[in-house]
Amino acid sequence: MRVRRWLNRTLVLPLLAVLLLLSLLLFTQPGLRFSVWIADSLVDELSIGKTEGAWLSGVSLADIRFKNAIADVQLESLTFRLQKRCIIQLRVCIPELKLRGSRIDLASLEETNPDTVSAAPAEASGSGRILLPIPININRIILEDVALNTPTQQLAWQSFSTTLVAWGSRVRLSETRWHQLSVELAPAATETAALPGYHAPVLPEFSLPLSILIEDFQLTEFSFKQAALHQQLAKLTLSAQLTPQQIRLLDVSAEHPLASVQFSANVELKPNYPLQAQLDATLKQGDFAGQRLKLTLGGDLADLSLSLLASGPITAELHSELALLTDDLPLQLSLQSPQLNWPLSAPTMQLQDTQLKVTGRLSALNLSLASAITGSNLPDSQLLLQGQWQHWQQQLDLAQLQLTTLGGMISAEGLLNLQQQIAWQLALTLSDIQPGQYWPDFPGRLQGSLQTQGSYNTAGQLELHVPQVNLSGPLRGQALQIQGELALSGQPTNADWQLTTPGLTLSHGSNTLSVQGSLAEQWQLDGEITLPQLAMSIPGLKGAINGALSVRGLAKQPDISIALNASKLNYEDFRLAEANLTAQVSLAQPIRSQLKLSATKGQYQQQRLQQLSLELSGTELAHQLKLALTADEFSTDINLSGALTDRQLWQAELQQVALTSPAGAWQLTAPLPITVDIIKQQLSLAAHCWQQAPTTLCLTEATTLNREAINLSLTLADYQLAQLNPLLPYQSSLKGGISLQLAANWQQGKAAKATLQLNGEPGSFTQQLDVPVTLDWSALSLTASLEQHQLRSQLELRIGNDGLLQAQTLISDLNQEQKPLRSEITLQNLTLDFLRPLLDEYSELAGTLSSQLSISGDLAEPQIAGELRLADLRVKGKLAPTDIEQADLQVKFTGEQASLSGIVNTPEGRVTLSGDANWQQREDWRLTVQVKGDELKLQIPQALLFVKPDLQITAAPGRSKITGIVQIPRATIIVDSLPQNAVGLSNDLVLLDRRLKPISEEQAAAFAIETDIRVQLGQAVSLSAFGLKTRLNGDLRVQQQQFNPTVRGEVNLQDGTFRAYGQDLLIRQGKMTFSGPADQPFLNVEAIRNPINMEDDVIAGIRVTGPADQPVISIFSEPSKPQANALSYLIMGRDLDSESGNAANSVTTSLIGMSFASSGKLVGEIGEAFGVSDLTLDTEGAGDNSQVTVSGYLTRDLQLKYGIGIFQPIGQFTLRYRLMRSLFLEAVSGLDNAVDVLYKFEFD
C-alpha cells in the first residue's frame, strides 16, 4: 500500500499533471495565450496583439510585430491548424498556413551596430546535409499582401500559394502560384569609375543541403522598375529539380510584351560547374516582329561554348568560346550572316556575306570584318576592316579599312579613342574612283588623300583639323581638283566657334569655288565663285554664275559684301536670262544694308517673267523697300518704308501697291501703316481700301493679328463677276455684280465667331457652243454665321423667270471629329428654256426641273433624302435628235442610295429608264441604269434611224460599262459628200492639258469605258453614199476594253448598185467582215455591169478584196479575157477591135491609173523618206496625150512635177510656186516652153 501511494505521489500524479498541463496548452485558448505570453516575455523585440483558438484546434494570431536594429516585421494575421492524428504518427500536418498583410523593413547593414549583427560564417558553403526529424506536410501555404523594403529595393506581391511536403533531406513544392510580384530598385549610381581589369572568380565548392523538387510553378503579372526602366512579364512557368550535386531547370516559359521565351538548363555542382543550357525566343514588336533566336550553352565555366542562331528579319549565326575562369578573359567570337537589311521595314541598304571575327583577351581584342554592301541609293561596295580594340583604354586601333567601290578603292588607317571623349586621327586615300559606274552623268577617275584629327567631348566642345585635302582627276571630261586645309573649333551648337583656312579650292574645268581666311574674334574671310559653264559640272543646268563674298570686322559686328551675277540659266522648266545681286550688310549698331536684286526674261512652266527689280536700303531704324515685277499675266509695284526698334517692333508704311492680273487691276487707295511685334508675334493693320473701279475691298476697322486673337471686318462692293472670266474654262463667261460684308473674331481658348452677307445683282452665265447658251438669275443672296462651333447658312437664288433655289444649312460641333449636318435644299420651277438656242427657232424645248432634298448625318458621310424631278419634258424640231412628246424623270434619295425612274414618250413609242446608285462605301460607289423601249426615231446628220434599245449602263470608280442590244429594224442613210478639207485623226495625235503638257488618252477620259453592245441591222436599212445604193443587214458586236474599241461581225450588201466608170454596176456579192478596229473591215465585194447592156453574153465587173485601208481592186470577166478587153466590156459593154484605137488608149490609161492608185501609200512613204511631201504617182491627159506623172512638194508653196507620155515618149517638167492663196506662178519645159500665171476659183 505504501509502495502504491509512493508511486502515485512520485510517478502517476506528476505524469497526470504534465498530461493535464499539455492538454491545457494544446487544446485550450488559455494555453495558447500562455504560450504567446511566454514568447512575448522572452523576446523583447516580439509583440502579438491578438490570439484566438488553440494549437490543435486552430491558431489565429493578429497584429504581430518583430522589431530590432536590423529588421521591422509586421504581420496583419497568421492562421494555421495542426492535425491531431499526425502528431500521434510523429508528423506535422497543416491543412492551411495563411499569412496576410506582411510588411518587412530591413535597414542597411552599414547603419546597424556591428555588435548586433552576427558574424557571417567563415565558409559560404558547406557539405553538411539537413535531415528533418519528422515529416512535414502543409497542404496549402498562402502569403497575401506581402511587402519587403530595403534602402535600395522594394519587393511586394499580392498573393503566393504552394503545397509543401518535406521528409528527411527532401522537399517538394507543387502547384505554386505567385501573382502580381513587383520589384523596384533604386536608380543606379551615375558616377563612372575606371574600368577594372577582369579577374577570374574563385568558385567555392558548393552543394545543396536538401533535395528540392519544384512542380508546376507559375508567376503572373511580374513587374520590374528602376528609374526610367519599367519591364513587365505577363507569365512565367517552370519546373525544377535541385539536388546536392545538380540543378536542373525544366520547361521554363516566359511571356513578355517584347518576346516569348522558352529555357532549359542543367548545372552540375562540380569543379568549374559543367553546364548545358538552351534558350529559344521569338520577338513580337516593331520591325523585329517574328525574329527567332536560339541560344545554346555548353561546357563549363573554364571553357564555355556559346552558339546563337537568328532567323527571320535578321538571319545570322554566332559562335563563341569563353574562358571565364582565366584572368583577362580569353575569348573567340565569329559571326556570319548571308544578308542584313536596314532599315528592316523598308530596306535601303543590305550587307551581304558578312563575317566578323573577334579573338584575343578582353584587354586586347583583334577585330576582322568583311562584308558586301548594296543599296537602292548606294553603289555596290566591298568592306574590309582589321583592327584591335583595347578595352581598358577604350581605343580602336584601325590597322586597315578598305572600301572597294566604283571600280577603285577607299582605304583608311588611324585610331579612335572613347575613354574621356571622342578623339580620332584618320588618314584616307582614294584611288581610281569612277563615279560614272553608278552616276552615269558623272564619268571620271578620281584619286587623292585626306587627313583629319580631332575630338568631341560631352560639353559639346569640337576640335576638328583637316591638315590636308588633295583630291583630283578627270570628271565629266574636265579636270577636278580639291585642295586646301581647314580647322574648326568651339561649340557650333552655341554659335561659339572658330574657323580657319589658309585656302580651300574646288575647281572643275573652268568652274572654280574658293575660300580663304578665318572666322574668329576678328573675321577676315574671302570667297570667290567663278562658274562660267554650269553645264560642265551639273547635269541639266545651263548658264553661268559669277560672284564674290567678303567678310570683315569683329565677330559680332562684321561687314558682309556679296556680289553675284547669273546669266542664261536653264534647268528643266525654269529659265532666266539674267539676274544680278549686290548686297552690303554691316552688323554694327545700327545694322545698315544695301541690297539690289534684278532679273529679266524668266519662265517657269507657262508662267513668264519679263522683269523683276528689288531694292532694300537704309538702316534698321529707317529703311525702304521697292519691288517691281512684270510678267505676262501679272505685274506689281510696291513701295514700302519701315523702322525696326530694339529689334522687336517693326513699324512700316505701305506707301504704294499696284497689282495687275487677268482678274483686273487693284491698287491701294492710301498709304497703309503696318506694325509687327516680333516678340509677341503680332501684326497690326490700319483700316484701308483696295480699289478696282468700280470695285472696292476694304478693311473697315484697324485690326491686330496674333497667336491669341484675330479680329477682321471686310467689305467688298460692286465686284463685277466678268473679272473672273479669264479664270473660267474656255468660252465660258459671267455677268453681274456682287457685294459682301465679312466680320470674323477669334480668341485663343474661345470659339471663333464670323458673319457673312453676300448680295448679288441680276447676272448670267454663258457657255459658247455652236450658239451661246445663257442661264440668267435675277437675285442672289447668301448669309452665313459661325458661333459656338456652329455654322449656319442660307442661300436664295432666283433663276430665269420663275426658278427659285433655296438652301438652309446647319453644321454643329465643328470642333468635334464628327460634325452633325442638317440641310434643306429646294429647287422650284427651273425651266429648260435657256437651252432652246441649241435648237432652231422653229423647234420646241420645254421642261421643268425641281427638287426637295434633306441632308443630315455627319459632314463626312451625309445622308440624303428627297427627290430630284424633271417633268413635262418636250422636244421637237429639225435639230433635235428625236421628238419627245412627254417625258418625266425622277431620282429618289434615301440615305446613301438613290433610285432612278422615268418614262419618255415619243411619236413612235415609249422608252423607260430605271436605275439605282449606292455610295455607302465612298471608295467603291456603284451606279446602274437600264434603258429599254419601243422603236425610237433618231434623226442625225445624213441619217434617219429607227432604234429599239435594250441597254444597261454600270459605273464604278475608274470605269464604266455599257452592255445590251440595239436593234435597227429600218434606217435611211444618205451621205452626199464629205467636206473638201475633211481629214481623219492622225495616228500620232497628242492631247495637251491646260498647261500644254501631253496627256494620255487614259487621262483624257473620265472613265475607262467598257462596252459590249450587239447591233442588229434589219431588212429595211438602206445606204446611199458616193455612188453606192444598197440595203444593209447583219449583226455586229461592239466591244471596248482598255481604251481599244473593236467591232466583230458581218454586214451584207444586198440589192445594191454602184456608180463607177460611168456605169451603174450591180452588186452581185457584197460583204464587210469586222474583226478588230471599226475602220479596218475586210472587204469582199463583186460589182458587175448590167448584163442587159453587154454584148457576146460576157459578164464583166470589178472585185474588191482585202482590208479597207489597203484594198486589192481587180477587173474580171466571165469568160476570162485579157485585162484590156475585160475593162472594155466593163466601160463600153463590148470588146476592143482594130477600129477603136482611141478607146484602146483610154482603156490602157485607166489600167495604169488603177495600178498607181493601189500603190499610192507606198509612193508617199518613199517621198517622206527623201524629204518630199505629198509625193504621188498618177496619170493625166486623155487619148494620145495621156502621160504618167510624178509630183511632190519641196516646200509648203513649191511644187515639182515631171511627166512622160504613155503613147508618145515626150518628157515635160513643171515647176509651180504659190504666190497667194489662189494665185500661182507656173513654168513648163517640154516640147513647148511656157511661163504662166494661174488663178484658181470654184463655182457651183
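Under my numbering, think of the first position of the sequence shown as 997, with each following residue one higher.
Ideal Cβ positions, reconstructed from N, Cα and C, are used throughout, including at glycine.
Quantities reported herein were computed from a predicted structural model and do not represent experimental measurements.
Quick one: Cα of residue i to Cα of residue j, how far?
i: R1991; j: E1629; result: Since pLDDT at R1991 reaches only 49, below the 50 mark, its modelled position is unreliable, and the value read off the structure follows with that caveat. One C-alpha to the other measures close to 14 angstroms.
i: E1409; j: W1385; result: 14 angstroms
i: G1660; j: Q1719; result: 6 angstroms
i: Y2189; j: L2196; result: 6 angstroms
i: A1455; j: Q1421; result: 20 angstroms
i: M2128; j: Q1727; result: 58 angstroms
i: F2022; j: L2032; result: 23 angstroms
i: Y2213; j: N2229; result: 17 angstroms
i: L1723; j: T1762; result: 14 angstroms
i: E1857; j: L1885; result: 26 angstroms
i: D2060; j: L2079; result: 20 angstroms
i: W1646; j: Q1553; result: 21 angstroms
i: N1702; j: A1551; result: 34 angstroms
Select from the options the residue whose C-alpha is nearest the C-alpha of residue i.
i: R1288; options: D1296, L1275 and L1300; result: L1275
i: L1245; options: N1262, A1230, T1239 and A1255; result: N1262
i: L1347; options: L1374, S1330 and P1326; result: L1374
i: A1704; options: T1671, Q1744 and T1691; result: It is worth fixing the name first, because residue 1704 is Glu in this sequence and not Ala. If we check each option's Cα against that of E1704, Q1744 comes out closest.
i: G1853; options: Q1814, A2021 and S2110; result: Q1814
i: L1754; options: A1277, E1792 and D1569; result: E1792
i: A1298; options: Q1335, L1321, G1473 and E1783; result: L1321
i: D1141; options: D1101, L1095, G1536 and P1343; result: L1095
i: A1913; options: V1943, I1949 and I1210; result: I1949
i: Q1772; options: A1740, K1731, W1742 and R1788; result: Before going on, a small fix: residue 1772 reads as Asp here, not Gln. Answer by Cα proximity: K1731.
i: S1249; options: Q1154, Q1784 and A1236; result: A1236
i: A1544; options: I1958, A1312, I1534 and A1559; result: A1559
i: W1921; options: G1911, A1951, N1901 and L1909; result: A1951
i: G1536; options: L1550, L1565, T1311 and Q1512; result: L1565
i: T1448; options: L1782, A1423 and D1946; result: A1423
i: G1440; options: Q1474, T1959, L1078 and V2043; result: Q1474
i: N1707; options: E1524, A1747, T1047 and C1082; result: A1747
Over what stretch of residues does the alpha helix (DSSP H) that includes residue i continue unbroken?
i: M1532; result: L1530 to S1533
i: K1080; result: K1080 to I1084
i: S2124; result: Q2119 to M2128
Between the beta-carbon of residue i and the beta-carbon of residue j, is there less than 9 angstroms?
i: L1530; j: N1507; result: yes
i: E2091; j: Y2125; result: yes
i: Q1148; j: L1204; result: Sequence check: residue 1148 is Thr here, not Gln. Going by C-beta atoms, T1148 is not nearer than 9 angstroms to L1204.
i: L1605; j: A1627; result: yes
i: E1481; j: Q1457; result: no
i: I2009; j: T1959; result: yes
i: S1256; j: K1280; result: yes
So residue i and residue j are in contact, right, with Cβ under 8 angstroms, and what is the actual spacing, rounded?
i: A1579; j: L1591; result: 4 angstroms
i: S1657; j: E1649; result: Not quite, the Cβ-Cβ distance comes to about 24 angstroms (not below 8 angstroms), so this is no contact.
i: F1218; j: L1229; result: 4 angstroms
i: S1056; j: S1043; result: With a Cβ gap of about 16 angstroms, S1056 and S1043 do not count as contacting.
i: Q1351; j: A1368; result: Incorrect: roughly 10 angstroms between the Cβ atoms, too far for contact.
i: L1941; j: L1947; result: Rounded, the Cβ-Cβ distance is 15 angstroms, inconsistent with contact.
Assuming residue i is part of the beta strand (DSSP E), what are its boundary residues?
i: L1754; result: K1749 to G1756
i: P1334; result: L1327 to W1338
i: V1179; result: S1178 to L1181
i: S2218; result: No beta strand (DSSP E) holds S2218; DSSP gives it neither H nor E.
i: D1920; result: Here D1920 belongs to no beta strand (DSSP E), and DSSP marks it neither H nor E.
i: P1768; result: P1768 to E1783
i: A1739; result: G1733 to Q1743
i: D1299; result: D1299 to S1307
i: V996; result: Residue numbering for the chain in the displayed model covers 997 to 2240; residue 996 lies beyond these limits and cannot be assessed.
i: L1708; result: A1705 to Q1716
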